[in-house]
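Per the UniProt record's numbering, the very first residue in the sequence shown carries number 1; after that it's consecutive.
Here a beta-carbon is modelled for each residue, glycine too, at the ideal position from N, C-alpha and C.
Below is one structure, written out as structure tokens; the observations come after it.
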Amino acid sequence: MSEVKLKNMAFKSGMELKVTGVPKSSSPRFMINVGHSRESIALHFNPRFDYGADIQVTVLNSCKDGYWHEE
1 MSEVKLKNMA FKSGMELKVT GVPKSSSPRF MINVGHSRES IALHFNPRFD YGADIQVTVL
61 NSCKDGYWHE E
């Protein structure tokens, strides 16, 4: 999985984030995280096409102080 990072964006509540792309056909999943750090993620967006027991599932979550919330 390749990684793209955007840092120091002035992204505030009420603003819109548009992401456009096409995942590789062999990719079992991809994820988009919006937050300040790995321990502070306001939005975790993770479509899973065929990943473990998850098939055609989209996981939405958030992480605060390193602890994931309930999906």
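Under the three-state DSSP convention, the category F49 falls into: In the sequence shown, counting from the first residue as 1, residue 49 sits at position 49. It is a strand residue.
How many Å lie between S2 and I32 at the Cα? Taking the first residue of the sequence shown as position 1, residue 2 is located at position 2. Taking the first residue of the sequence shown as position 1, residue 32 is located at position 32. Using only the alpha carbons, I get a separation of about 12 Å.
Reducing DSSP to helix, strand and coil, say where K12 ends up. Sequence index remark: in the sequence shown, residue 12 carries index 12 (1-based). DSSP places K12 in coil when its eight states are reduced to three.
When we look at the beta-carbon of I41 and count the other beta-carbons within 10 Å, is it buried (16 or more) or exposed? On the sequence shown, residue 41 is found 41 positions in, with the first residue counted as 1. When all chains shown are included, I41 counts as buried.
If you measure between the beta carbons of Y51 and P28, is that distance less than 7 Å? Taking the sequence shown and counting its residues from 1, one reaches residue 51 at position 51. Taking the sequence shown and counting its residues from 1, one reaches residue 28 at position 28. Yes, the Cβ-Cβ distance between Y51 and P28 is below 7 Å.
Looking only at C-alpha atoms, which of G66, R48 and L60 sits nearest to F30? For the purposes of this step, residue 30 is taken as residue 30 along the sequence shown, with counting starting at 1. Ranking G66, R48 and L60 by Cα distance to F30 puts R48 first.
Using the C-alpha atoms, what's the distance from S62 back to L6? Your numbering for residue 6 matches position 6 in the sequence shown. Your numbering for residue 62 matches position 62 in the sequence shown. The alpha-carbon atoms of L6 and S62 are separated by roughly 18 Å.
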